[in-house]
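Protein chains: 10
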Amino acid sequence: TSLAPRLPPSSSTLFEAKKKKNLTFEAIAQQVGRDEVAVAALFYGQAMASPEDIQKLSQMLDIPVDQLESELSGYPDRGRCLDMPPKDPTVYRLFEIVQNYGYAYKAVLNEKFGDGIMSAISFSTKIEKETDEKGDWAKITLRGKWLPYTRF
Amino acid sequence: TSLAPRLPPSSSTLFEAKKKKNLTFEAIAQQVGRDEVAVAALFYGQAMASPEDIQKLSQMLDIPVDQLESELSGYPDRGRCLDMPPKDPTVYRLFEIVQNYGYAYKAVLNEKFGDGIMSAISFSTKIEKETDEKGDWAKITLRGKWLPYTRF
Amino acid sequence: TSLAPRLPPSSSTLFEAKKKKNLTFEAIAQQVGRDEVAVAALFYGQAMASPEDIQKLSQMLDIPVDQLESELSGYPDRGRCLDMPPKDPTVYRLFEIVQNYGYAYKAVLNEKFGDGIMSAISFSTKIEKETDEKGDWAKITLRGKWLPYTRF
Amino acid sequence: TSLAPRLPPSSSTLFEAKKKKNLTFEAIAQQVGRDEVAVAALFYGQAMASPEDIQKLSQMLDIPVDQLESELSGYPDRGRCLDMPPKDPTVYRLFEIVQNYGYAYKAVLNEKFGDGIMSAISFSTKIEKETDEKGDWAKITLRGKWLPYTRF
Amino acid sequence: TSLAPRLPPSSSTLFEAKKKKNLTFEAIAQQVGRDEVAVAALFYGQAMASPEDIQKLSQMLDIPVDQLESELSGYPDRGRCLDMPPKDPTVYRLFEIVQNYGYAYKAVLNEKFGDGIMSAISFSTKIEKETDEKGDWAKITLRGKWLPYTRF
Amino acid sequence: TSLAPRLPPSSSTLFEAKKKKNLTFEAIAQQVGRDEVAVAALFYGQAMASPEDIQKLSQMLDIPVDQLESELSGYPDRGRCLDMPPKDPTVYRLFEIVQNYGYAYKAVLNEKFGDGIMSAISFSTKIEKETDEKGDWAKITLRGKWLPYTRF
Amino acid sequence: TSLAPRLPPSSSTLFEAKKKKNLTFEAIAQQVGRDEVAVAALFYGQAMASPEDIQKLSQMLDIPVDQLESELSGYPDRGRCLDMPPKDPTVYRLFEIVQNYGYAYKAVLNEKFGDGIMSAISFSTKIEKETDEKGDWAKITLRGKWLPYTRF
Amino acid sequence: TSLAPRLPPSSSTLFEAKKKKNLTFEAIAQQVGRDEVAVAALFYGQAMASPEDIQKLSQMLDIPVDQLESELSGYPDRGRCLDMPPKDPTVYRLFEIVQNYGYAYKAVLNEKFGDGIMSAISFSTKIEKETDEKGDWAKITLRGKWLPYTRF
Amino acid sequence: TSLAPRLPPSSSTLFEAKKKKNLTFEAIAQQVGRDEVAVAALFYGQAMASPEDIQKLSQMLDIPVDQLESELSGYPDRGRCLDMPPKDPTVYRLFEIVQNYGYAYKAVLNEKFGDGIMSAISFSTKIEKETDEKGDWAKITLRGKWLPYTRF
Amino acid sequence: TSLAPRLPPSSSTLFEAKKKKNLTFEAIAQQVGRDEVAVAALFYGQAMASPEDIQKLSQMLDIPVDQLESELSGYPDRGRCLDMPPKDPTVYRLFEIVQNYGYAYKAVLNEKFGDGIMSAISFSTKIEKETDEKGDWAKITLRGKWLPYTRF
């Protein structure tokens with residue numbers, strides 16, 4: 078089904094204002110002092126906005142601060158905007174990478190770090206664009222705290 | 078169900094030899110001239126071995142080259158070793174990152190590159206370990222060719 | 078569930094105008110300079126419209142260019158209009174072809190091209206009608222760039 | 078799960094003989110007088126072998142004709158070798174094409190032919206390789222009889 | 078979920094008019110010159126109406142012909158009104174018959190006709206009522222063209 | 078997955094004997110005094126054999142009566158040989174008929190019989206072959222007792 | 078998802094009137110001359126109302142008979158109000174009983190009655206409350222006609 | 078898939094002995110002092126055997142007590158022998174009763190007992206056969222302790 | 078899909094009032110005399126409110142008692158607000174604990190208590206916050222009555 | 078399906094030795110210096126054994142240390158022994174607690190700790206038995222580090 082009904086009301090407020098102001102995530106991110114992916118996640122209701130974020134978004138996007146505070150209050154109910162497996166090819170490719178390399182990642186992580194996980198919470202991520210003679214390359218970095226299993 | 082029945086016969090040959098020889102993926106990767114994740118993927122039947130890879134693996138792991146050639150012949154039937162959603166927490170965290178940030182990634186990728194996908198085929202990946210005062214951090218890099226949709 | 082709620086607002090705008098103008102995809106495709114399947118995909122929100130496409134569609138279909146620009150802005154969220162397995166028999170037959178011949182296609186593709194995939198992005202497709210004494214035949218052509226797996 | 082347990086016993090007989098004889102599907106197809114995809118489908122238990130096919134396969138592949146007759150007797154139980162959605166990227170791309178363009182295909186087919194389906198039974202398919210300055214292209218053709226819905 | 082949202086707008090138009098006119102499918106079928114099951118399928122958006130059908134339905138059911146033409150225009154998106162497995166016991170029993178006797182049907186069909194399918198497109202069906210001392214019996218007849226697999 | 082592991086041991090006994098004796102379901106059915114579909118269902122473990130059936134099958138198929146009695150003892154665990162939706166095209170077409178016409182059947186059955194179901198237990202079915210100038214037609218008849226809902 | 082959208086319009090009419098009138102299913106059942114479970118099923122759109130039921134419900138619940146006749150006309154589309162497995166613990170326990178004892182029930186039923194089923198159509202059910210020193214006990218009785226499989 | 082692989086080793090021991098001794102569940106139940114359904118559940122690995130049960134079963138069925146003790150040791154892993162929804166019609170009818178009447182049961186239970194559940198653990202069940210002029214009737218009784226939700 | 082449509086109308090009434098009054102679950106719980114988790118469950122429609130709860134909530138939250146009585150009347154339809162597996166990481170971690178330790182819990186529970194279950198109905202739960210030099214720790218306690226299986 | 082095929086070879090080694098030695102998890106846990114649940118998890122292949130654990134288990138259970146080292150080498154592939162939703166009632170009740178109280182837990186956790194998760198990795202758990210006049214109570218404690226989402 079369409080994406081819209083899965084999103085919180087803040088999403089349409091933010092996306093419409095961004096479109097009207099003709100702003101990129103890059104520009105917003107720079108202003109807010111967060112990464113582009115974090116800002117996009119915030120737009121999709123997948124990340125939390127601090128009071129300062131709300132202030133800055135309100136200013137840049139010309140949205141009354143009261144409305145934004147009210148719509149962005151509460152803790153995000155994460156994961157709601159995507160059904161797995163993803164149908165959109167751009168998102169599917171990321172899913173496919175986990176499906177194909179999942180156990181290879183686990184094997185190398187265990188070898189390098191021991192028994193544990195790479196946190197997806199104490200975590201940051203970013204996208205970079207690289208260009209060479211063969212064309213453009215997207216580089217996505219995932220960086221998370223290593224959490225060893227507690228022995229009990 | 079258990080992982081074992083999903084793997085091709087080459088997997089147990091390779092894993093057993095690696096264990097007997099007490100070798101790390103890092104050491105094998107250096108010898109073979111490939112990345113650790115690629116080598117682990119090869120062990121799980123998720124990547125293809127070149128004739129040179131087979132030669133080197135045969136030597137390092139003391140596996141008859143004929144056996145390895147026979148077991149690694151044919152094109153990998155990728156994706157077979159992982160059922161989604163992953164149950165193992167280490168692999169699940171990667172799945173969760175796609176689930177939570179999937180549309181944010183798409184939005185930023187589209188903004189930076191236009192309409193298309195980051196290839197998971199013309200693609201490489203690696204894992205790095207970083208340590209600071211807060212502890213260890215895993216850094217996973219995904220790097221893929223940007224493919225714009227063909228207009229037709 | 079019904080198709081309508083899965084489609085973006087642009088879909089009803091376009092389909093209604095097409096019906097009112099009594100135009101075929103063939104006619105629209107000729108005017109826009111794209112293939113019929115691409116135009117139909119665009120109507121279902123599965124392909125992106127260039128600024129020129131929007132201009133031409135606006136003219137042919139008598140839709141204000143502003144409305145069309147607004148409704149077709151943003152990158153398509155592909156795959157949203159079809160739940161798999163397809164229930165409609167016309168679409169199911171295509172699914173069945175993949176289900177029945179999937180591994181045969183892979184085997185022949187690997188034999189002819191090596192380890193890789195036929196791109197569905199750097200890709201075009203068309204439908205032709207052929208008639209002989211036995212009746213009508215539909216011929217669907219899929220043509221995609223061959224992408225070899227990167228060795229890493 | 079692994080592909081092997083889904084295949085009929087004839088599959089391992091045929092694949093092993095093909096490997097030992099070092100024959101391509103192309104060569105076998107030429108000899109048998111069928112298309113490469115059909116021959117590969119036959120290897121995967123997805124197509125039926127005629128008595129002549131069995132004779133020729135027996136000769137080319139040095140398999141006793143009795144064994145082949147016995148293993149290939151009975152009607153194929155089609156569709157058994159692939160779980161949908163496909164996990165292997167090469168097969169997934171074909172699935173994705175149906176998912177993304179399914180309704181576009183239906184719309185154009187209906188426009189060109191009326192209410193009905195393209196048969197997947199009264200059907201043939203082939204793969205061609207094309208090369209230009211941009212690289213290699215795979216071209217897959219699907220050709221099926223158009224079946225109009227009976228009015229009753 | 079309820080049936081209503083899965084049906085096209087024509088369904089409520091037709092069902093409401095049928096109820097108001099207090100007509101049976103039998104009576105409508107006789108007038109339209111089609112089978113009762115076909116007429117019911119048309120009401121559920123599962124079969125296509127010819128221009129003559131629309132004329133006759135418009136007259137019998139007192140629906141403006143323009144409205145009916147508009148609502149019934151376009152090709153049916155079949156299969157949308159039923160989620161499988163069916164929950165309603167009347168429909169489930171038919172599903173159960175396929176589940177229990179599916180391979181028995183295939184075995185007998187193959188024995189009688191060879192390798193192929195009974196078409197569900199070049200197809201008609203009807204329901205008859207029979208009464209004997211034991212009570213009432215429903216007899217459903219499925220009649221489809223036999224389509225042999227094309228050798229290619 | 079393959080059909081074989083879903084079948085009771087009696088299935089391979091019966092199918093192998095049938096093949097060796099080169100008998101059709103038609104011939105067996107005539108001898109046993111049951112319908113071909115019932116006999117095929119019995120082969121697939123989907124119908125129960127009476128002591129007389131066992132006697133006759135033992136004779137015709139040259140299977141020791143003790144073995145057959147032992148393998149066919151116990152009540153069938155029906156439905157086990159088919160996963161829904163069916164993947165084999167021959168069986169899928171029957172599933173599709175239920176999917177497409179399910180509610181139309183229910184509507185006509187209710188109109189003709191009231192609130193109830195057509196029994197799939199107090200039920201018989203048969204397949205007939207008809208040939209006309211257009212080719213061969215398969216006719217499947219389903220006949221079940223009408224069971225009205227008890228008022229309580 | 079919430080229960081409400083799965084229910085027919087009659088459900089809210091009936092439940093609201095019951096609440097306003099402060100009536101129990103027991104009281105309504107006594108008046109209508111049906112069992113409490115049947116009346117509750119009728120409220121959820123899972124059982125059919127006879128003309129007399131409608132008369133009595135209309136009187137007891139102060140609902141215009143026309144409205145009730147219109148909303149309860151048509152045959153129930155059973156099973157629509159519950160997704161399986163049930164999430165509500167009260168309903169889940171019943172599901173669990175079938176899951177845990179399903180084959181034990183079948184084994185004992187077959188032993189006592191032969192090859193067949195207990196009808197869920199020619200069927201009635203009731204709930205009784207029993208109290209002893211250990212507390213309250215719910216007793217649910219399911220009573221259905223035994224239907225032997227037809228030999229054909 | 079077939080039932081056998083889901084059952085613990087004790088199941089085949091018990092069923093084979095029962096068949097050899099030609100004993101009914103009724104006879105075994107009388108001897109063991111438990112209900113027939115409980116005994117059948119024990120055979121399917123769905124109920125626990127007390128030391129006395131093991132003694133009596135060993136005697137009646139001529140199974141060495143050591144073997145039985147060993148095979149029946151440990152706590153049952155309940156629910157393993159049935160996949161939901163059930164495919165066998167005899168078991169499906171019980172599932173259908175829960176699907177159709179689930180919310181009606183809940184509504185009447187809540188009305189009679191308040192907020193809580195009927196326990197499926199502090200629970201017993203039995204099957205009775207009743208015969209009248211219309212034929213045979215199966216009567217299944219479910220009796221469970223009522224557990225009110227704790228207020229906390 | 079978003080959480081909102083799964084919740085009963087009482088949820089938005091309660092959450093909005095809580096936000097307006099700027100009250101914590103802790104404060105409400107203290108006033109109502111229930112645990113914080115129970116109060117939050119009540120807000121999500123997962124627990125029942127006693128008449129006294131309604132009185133106190135009405136006062137604290139300034140909601141007309143009639144409205145609250147009406148919205149909270151009826152027995153909760155539990156489980157409706159969460160689809161499993163949970164997508165939100167905070168909830169997923171609890172699911173993961175059950176997935177990873179489920180059989181270990183069962184083994185230890187059986188060893189300590191015998192054959193039975195820990196009730197989720199005669200049950201209470203609470204969350205505590207603990208802080209030490211390593212940071213904050215959440216402690217969740219689940220406490221349920223042990224119910225042994227009835228021997229029958 | 079049965080639990081056994083999901084477990085690693087170490088599981089049967091450990092469980093059989095435990096049974097032969099007639100040891101409880103409590104006794105083993107005391108000796109090994111870990112919690113009972115952790116030890117049970119280790120038996121099911123859900124937790125990692127340290128070299129000291131292996132030494133102690135080898136001694137207590139009379140298993141050659143080489144065999145245990147070999148079977149317990151490698152990092153656990155967690156989650157493999159349980160399919161969700163759990164079918165066994167003892168495990169299901171824990172699942173139900175998450176299903177019913179999941180969002181209530183999240184709401185209270187967020188209120189007490191802010192935006193983050195309770196770790197299931199930096200985590201311990203235990204089971205206690207409490208007895209009062211009403212009977213036995215199981216108390217399960219879950220204790221995990223609170224991880225706030227990183228702002229990026």
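Respectively, the protein sequence lines represent chains H, V, L, F, G, C, P, R, U and E. Terminal number for the first sequence in the working numbering: 229, no gaps in between. Terminal number for the second sequence in the working numbering: 229, no gaps in between. Terminal number for the third sequence in the working numbering: 229, no gaps in between. Terminal number for the fourth sequence in the working numbering: 229, no gaps in between. Terminal number for the fifth sequence in the working numbering: 229, no gaps in between. Terminal number for the sixth sequence in the working numbering: 229, no gaps in between. Terminal number for the seventh sequence in the working numbering: 229, no gaps in between. Terminal number for the eighth sequence in the working numbering: 229, no gaps in between. Terminal number for the ninth sequence in the working numbering: 229, no gaps in between. Terminal number for the tenth sequence in the working numbering: 229, no gaps in between. Every residue gets a Cβ at the ideal spot worked out from N, C-alpha and C, and that includes glycine.
Put simply, the backbone Cα of C/R155 is about 12 Å away from that of P/Y226.
Under the 10 Å beta carbon count, E/P128 is surrounded by fewer than 16 other beta carbons and is classified as exposed. DSSP, reduced to helix, strand and coil, places V/R220 within a strand of the structure shown. Neighbours of F/D143 in chain C, taken as residues whose beta carbon is under 9 Å from its own, are absent, since the nearest beta carbon is some 13 Å off. With a cutoff of 8 Å on beta-carbon distance, E/G179 and U/P163 are scored as near each other.
Just measuring C-alpha positions, the residue of P/P166, P/K203, P/R228, P/G221 sitting nearest P/V116 is P/K203. Assignment of V/K203 by DSSP, reduced to helix, strand and coil, places it in the strand class. With 16 or more other Cβ atoms inside 10 Å of its own Cβ, F/G122 counts as buried.
Beta-bridge analysis with DSSP links P/G193 to P/P225.
CA-CA distance, E/S88 to V/D192, rounds to 51 Å.
At least one CB atom of chain C sits nearer than 8 Å to the CB of P/I194. The C-beta distance from F/V142 to L/L171 rounds to 37 Å, too long to fall under 8 Å, and the pair is not in contact. Taking CB atoms only, L/V109 has no neighbour in chain F less than 8 Å away.
Around the beta carbon of F/G110, fewer than 16 other beta carbons lie within 10 angstroms, which makes this residue exposed. Contact annotation: the segment 201-217 of chain V does not touch the segment 208-224 of chain L, with fewer than three C-beta pairs closer than 8 Å. Interface residue (Cβ-Cβ distance to chain G less than 8 Å): P/I198 is classified as such. For the pair P/L138 and P/K98, the CB atoms are nearer than the 8 Å cut-off.
Contact residues of the segment 149-167 of chain P toward chain E are P162, K164, P166 (C-beta to C-beta distance below 8 Å). Taking C-beta atoms as the reference points, L/I194 and L/L159 fail to come closer than 8 Å. At a cut-off of 8 Å, the C-beta of V/L219 has no neighbouring C-beta in chain E. Of all alpha-carbon atoms in C/E93, C/L100, C/F92, the one lying nearest the alpha-carbon of G/K189 is that of C/L100. Within the DSSP bridge table, the entry for F/T167 names no partner. Among the bridge pairs identified by DSSP, G/A215 is matched with G/K206, C/G221. Among the residues facing chain U, E/R228 is not included, as its CB has no counterpart in that chain under 8 Å away.
A Cβ-Cβ distance of about 6 Å is found for the pair G/V185 and C/V114, placing them in contact under the 8 Å criterion.
The C-alpha of H/E93 lies about 56 Å from the C-alpha of R/G221. Contacts between L/Q176 and chain C, judged by CB atoms closer than 7 Å, involve K164 in chain order. For L/P153 against L/A124, the beta-carbon gap comes to about 6 Å, under 8 Å, which counts as contact.
If you draw a straight line from the Cα of U/A126 to the Cα of U/A104, it is about 17 Å long.
For P/Q108, the closest of P/P86, P/Y182, P/S147, P/I131 by C-alpha to C-alpha distance is P/I131.
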